[in-house]
Amino acid sequence: MKSAFPKIASAFAAVCLFASIITLGGCSKYVSKYKAVAFVHTNTAESASMSFSDFEGTMVFNLKCGSDGGKIKYTATLEEGDIKVYYDCDGVKTPLFGIGTGGETSSVGGQLKNGRVYLIVETDGKCRNGKLNFEIV
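Take the position in the sequence shown, starting the count at 1, then add 524; the result is the number in this note's numbering.
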């Protein structure tokens, strides 16, 4: 008489593996990948910010727009380097703004739809002493 334990254990392991893949993979098509020094970031449902001494790579924020027609209010300063910021609320990565060495900007932009909004911050090489703030309005 064979035990049912190996079949149950095997099924349990398969379910755990599947759940791990879904959880670790997430549902986002954008992934943060960066090297940073003195890096602080926040992300709430309607706002996000980041400040750093050194930053190189990609940072992705996940926000939520409560209605169609929303916009992104943003401010940014950068001592050295080049940063491009994009947003995606409908499956299309759309440029929001760019900032370079010694730059400072403050504006409102984007055409948002109700639902999830990705903000994608990408650098072209290493950036120094930057601060970026975003808010859904």
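Backbone N, C-alpha and C fix where the C-beta goes; we use that ideal spot for every residue, glycine too.
Per DSSP, what kind of secondary structure is GLU570 in: helix, strand or coil? Note: GLU570 maps to coil in three-state DSSP.
With H, G and I counted as helix, E and B as strand and the rest as coil, what does DSSP make of ALA600? Strand at ALA600.
I'd like to confirm the pairing. Which residues does DSSP put opposite ASP578 in its beta bridges? Bridge partners of ASP578 according to DSSP: VAL561 and ARG652.
For ASN657, write down the residues that DSSP places opposite it in a beta bridge. Partner(s): SER573 and THR599.
Based on the DSSP output, what are the partners of TYR554 in its beta bridges? When beta bridges are read from the DSSP output, TYR554 appears opposite no residue.
Please tell me whether CYS613 has its Cβ less than 7 Å away from any Cβ of chain B. Considering every chain present, this structure includes no chain B. It has just one protein chain.
Distance check for THR618 and TYR558, CA to CA, integer angstroms please. Cα-Cα distance, rounded: 21 Å.
Exposed or buried, THR647, counting other C-beta atoms within 10 Å across all chains shown (16 or more means buried)? Buried, by the Cβ-count rule.
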